[in-house]
Amino acid sequence: MAQVSELGQLEDGEDERPKWDNKVQYLLSCIGFAVGLGNIWRFPYLCQTYGGGAFLIPYFIALVFEGIPLFHIELAIGQRLRRGSLGVWMAISPYLGGVGLGCFTVSFLVSLYYNTVLVWVLWFFLNSFQHPLPWSTCPLDLNRTGFVPECQGSGTVSYFWYRQTLNISADISDSGTFQWWLFLCMVACWAIVYLCVIRGIESTGKAIYFTALFPYLVLTIFLVRGLTLPGAAEGLTYLFTPKMQTLQNPRVWLDAATQIFFSLSLAFGGHIAFASYNPPSAVSALLFCLCRNILSLINEFDFPEQSIPRDDYPTVLLHLNATQPERVARLPLKACHLEDFLDKSASGPGLAFIIFTEAVLNMPGATGWAILFFGMLFTLGLSSMFGNMEGVITPLLDMGILPKGIPKEALTGLVCLMCFLSATCFTLQSGSYWLEIFDNFAASLNLIIFAFFEVVGVIYVYGMKRFCDDIEWMTGQRPGLYWRMTWYVVSPLLLLSIFLAYIILLAHKAPSYKAWNPQYEQFPLKQEKLYPGWVQVICVLLSFLPSLWVPGVALAQLLCRQRQKWKDAQLESGLKLQNGRHC
Numbered sequence: 002m003a004q005v006s007e008l009g010q011l012e013d014g015e016d017e018r019p020k021w022d023n024k025v026q027y028l029l030s031c032i033g034f035a036v037g038l039g040n041i042w043r044f045p046y047l048c049q050t051y052g053g054g055a056f057l058i059p060y061f062i063a064l065v066f067e068g069i070p071l072f073h074i075e076l077a078i079g080q081r082l083r084r085g086s087l088g089v090w091m092a093i094s095p096y097l098g099g100v101g102l103g104c105f106t107v108s109f110l111v112s113l114y115y116n117t118v119l120v121w122v123l124w125f126f127l128n129s130f131q132h133p134l135p136w137s138t139c140p141l142d143l144n145r146t147g148f149v150p151e152c153q154g155s156g157t158v159s160y161f162w163y164r165q166t167l168n169i170s171a172d173i174s175d176s177g178t179f180q181w182w183l184f185l186c187m188v189a190c191w192a193i194v195y196l197c198v199i200r201g202i203e204s205t206g207k208a209i210y211f212t213a214l215f216p217y218l219v220l221t222i223f224l225v226r227g228l229t230l231p232g233a234a235e236g237l238t239y240l241f242t243p244k245m246q247t248l249q250n251p252r253v254w255l256d257a258a259t260q261i262f263f264s265l266s267l268a269f270g271g272h273i274a275f276a277s278y279n280p281p282s283a284v285s286a287l288l289f290c291l292c293r294n295i296l297s298l299i300n301e302f303d304f305p306e307q308s309i310p311r312d313d314y315p316t317v318l319l320h321l322n323a324t325q326p327e328r329v330a331r332l333p334l335k336a337c338h339l340e341d342f343l344d345k346s347a348s349g350p351g352l353a354f355i356i357f358t359e360a361v362l363n364m365p366g367a368t369g370w371a372i373l374f375f376g377m378l379f380t381l382g383l384s385s386m387f388g389n390m391e392g393v394i395t396p397l398l399d400m401g402i403l404p405k406g407i408p409k410e411a412l413t414g415l416v417c418l419m420c421f422l423s424a425t426c427f428t429l430q431s432g433s434y435w436l437e438i439f440d441n442f443a444a445s446l447n448l449i450i451f452a453f454f455e456v457v458g459v460i461y462v463y464g465m466k467r468f469c470d471d472i473e474w475m476t477g478q479r480p481g482l483y484w485r486m487t488w489y490v491v492s493p494l495l496l497l498s499i500f501l502a503y504i505i506l507l508a509h510k511a512p513s514y515k516a517w518n519p520q521y522e523q524f525p526l527k528q529e530k531l532y533p534g535w536v537q538v539i540c541v542l543l544s545f546l547p548s549l550w551v552p553g554v555a556l557a558q559l560l561c562r563q564r565q566k567w568k569d570a571q572l573e574s575g576l577k578l579q580n581g582r583h584c
């Protein structure tokens, strides 16, 4: 096995590790992994929820003092040690091996539900090749005498999403049946992922040219289209006019700090795996972060007319009010304010599959725009799946569990098959509820813990001087004061504060979910329900189990070393006794 020198370089076996064909492949792979679906539906939601420009203030503070320093550490240490997440932390210290196993576990869990989102996207993409689009009208009821009441009450787009796509149950305890159309789409999605990652970076590097660049092209087209629509100026003014009073809410700062992990895909292990295939050269952390944030901001500008009333309606009402005021007075009209419309935002799948989908319906040539939009979403998610799968497969290869003579393609196929079988639960009628649980609890707290130990492990265990020497050897430049201060003091304290705030938040409110229930008295509003006790146990397990690798491996290493010392002491005392008898 290759040994690590004083500066962390692999002394032998380094040339055997695959390498990217060129730096562009490496750059696009890191950008594709960092820029995921969260940039489409979570970042815009948070910006809109917390007053547009006001959220950008804590977000960029967290980016500067937390995101970019952590990103730099992952790229540099993976590139220098030329190993995946597990190999890196075992090389730094066997006591930190749990960090690598934890990142491996989280990458596996995230891959399960992340690819399920691609299943939904693929279903919408396939349905986009119809005219008119299937979510533009309500279907007829069984008697064919009228429209389905649930569709009339909820709207065509919501009905297509909740009923014709998910066929969602009204309670998480009601699992329902498998949805065959989602199951077939899941088979197709995992087959596509397998074909793209079958040979590691050799196949991923070829696919990444399209999957990483196509989303930027499509979003640029949507940007130009959005800026030319009525209401664009009002929407942009609202976005960049900060409500400074929202900064007094601690939740704003916590959401901004945790969003960084999803925006940059930190602590998953994927960036370390990608960097391990890159020959020592300049580490472009700032460039990656810049590209990722450009995409998030571009997406903020798309479809600004969605929350703004059409211009014709006020004109008609003004005319009626002037000519027939008594009739207008009898109308059940409500006060309408632009700010109220813009504050009614959605997050997660609702933003992509309802808000954006409805926006596409209002555009000329809706079928073409739908194909472009869902094609963009699929490639965007696929490039992130490459990083997730590398975070799973590379540690397995570094552990050397693959017997000689067995090709790497077999291991990749086995991993994809296990992921596919585990993810079939998301094709049940309650599948979207479970996906929300995985999204909320499988990564957030675990990523904060892993990121903290990444900083501590590299800066305090591996050593600040040693790490700076490595970067100087790779780039020709020694890290400046900004890097050293953030690594040594600011980032660890910030991560520790985020961890404590997150624990307080979890303990303050019992976890709940919003159920789609046509029998709910306020339908089409969702009915908020508390998770059953057994589901809350699963939420807790998802929140903490991957992190238990950290103390578990450290304790196992400590006991192993103590046992070895005891054996050495016993052997030494036995030798002394034998020597005494001989004399």
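So in the working numbering the end of the sequence shown lands on 584, straight run, no missing numbers. All C-beta atoms, glycine included, are put in the ideal place defined by N, C-alpha and C.
Secondary structure of Y514, DSSP reduced to three states: strand
Delimiting residues of the alpha helix (DSSP H) encompassing F244: As written in the sequence, residue 244 is Lys, which differs from the Phe given in the question. K244 -> no alpha helix (DSSP H), and no H or E assigned at all.
Rounded Cβ spacing between T117 and L436 (contact assumed at less than 8 angstroms): With 8 angstroms as the limit, T117 and L436 qualify as a contact, their Cβ atoms being about 6 angstroms apart.
Residue interval of the beta strand (DSSP E) (run including Q528): First-last of the beta strand (DSSP E) with Q528: Q528 to L531.
Distance cut-off 7 angstroms: W124 Cβ against heavy atoms of the ligand FMN: Here there are no bound small molecules, and the ligand FMN is not part of this structure.
Local conformation of L436 per DSSP, three classes: The DSSP-derived three-state label of L436 is helix.
Alpha-carbon spacing of G458 relative to I93, whole angstroms: 7 angstroms
Assigned secondary structure, L141 (DSSP; H/G/I helix, E/B strand, else coil): strand
Contact under 8 angstroms by Cβ, L429 with S176: yes
Where W124 falls, given that 16 or more other Cβ within 10 Å makes a residue buried: Its Cβ being crowded by 16 or more others within 10 Å, W124 is buried.
Segments of 3+ residues assigned as beta strand (DSSP E) that fall wholly inside the stretch 387-451: none
Limits of the unbroken alpha helix (DSSP H) element including W474: M465 to T476
Sequence-distant residues of the same chain with beta carbon closer than 7 angstroms to A444, five excluded per side: V107 and V111
Three-state secondary structure (DSSP) of F524: coil
Whether E529 touches K510 by CB criterion (8 angstroms): no
Sheet register partners of F148 (DSSP bridge): L141
CA nearest to the CA of L542, picked from L381, M465, F439 and Y51: It is F439.
Alpha-carbon to alpha-carbon, P150 and T413: 47 angstroms
Meets three-Cβ-pair contact criterion under 8 angstroms: the stretch 75-87 and the stretch 391-406: yes
Residue span of the alpha helix (DSSP H) that contains M91, given as start and end: S86 to I93
Span of the alpha helix (DSSP H), counted from its first residue to its last, around P59: G54 to A63
As assigned by DSSP and simplified to three states, the class of K566: helix
Sub-8 angstroms separation of T368 and S159 beta-carbons: no
Coarse secondary structure for F179, derived from DSSP in three states: strand
Cβ-based neighbour list, S513, same chain, cut-off 7 angstroms, excluding 5 preceding and 5 following: Its chain contains E529, K530, L531 and Y532 as the residues whose beta carbon lies nearer than 7 angstroms to that of S513, once the 5 sequence neighbours on both sides are disregarded; these appear in chain order.
Spatial neighbours of K568 in its chain, beta-carbon cut-off 7 angstroms, leaving aside the 5 residues before and after: Cβ within range, chain order: n/a, list empty.
Proximity of S264 and F34 at Cβ, strictly below 8 angstroms: no
Cβ pair M187, A424 closer than 8 angstroms: yes
Residue interval of the alpha helix (DSSP H) (run including W121): G98 to N128
At least 3 beta-carbon pairs within less than 8 angstroms: the stretch 374-383 vs the stretch 215-225: Flag = yes, the stretch 374-383 and the stretch 215-225 touch.
Beta-carbon proximity list for V122, same chain, < 6 angstroms, skipping 5 on both sides: F375, L378 and F379
As assigned by DSSP and simplified to three states, the class of A509: Note that residue 509 corresponds to His in the displayed sequence, not to Ala. Correct three-state label for H509: helix.
Touching by the beta-carbon criterion (3+ pairs, under 8 angstroms), the stretch 37-55 and the stretch 455-469: Taking a cut-off of 8 angstroms for Cβ pairs, the stretch 37-55 and the stretch 455-469 do not touch, as fewer than three such pairs fall below it.
Option in P140, L559, Q153 and T178 with minimal Cα separation from P525: Q153
8 angstroms Cβ shell around F421 - same chain, five flanking residues per side excluded: Within the same chain, F421 has close Cβ partners M187, V188 and W191.
Integer-rounded CB distance, given that E473 should sit under 8 angstroms from I273: In fact, because the Cβ distance is near 20 angstroms, the residues do not count as touching under 8 angstroms.
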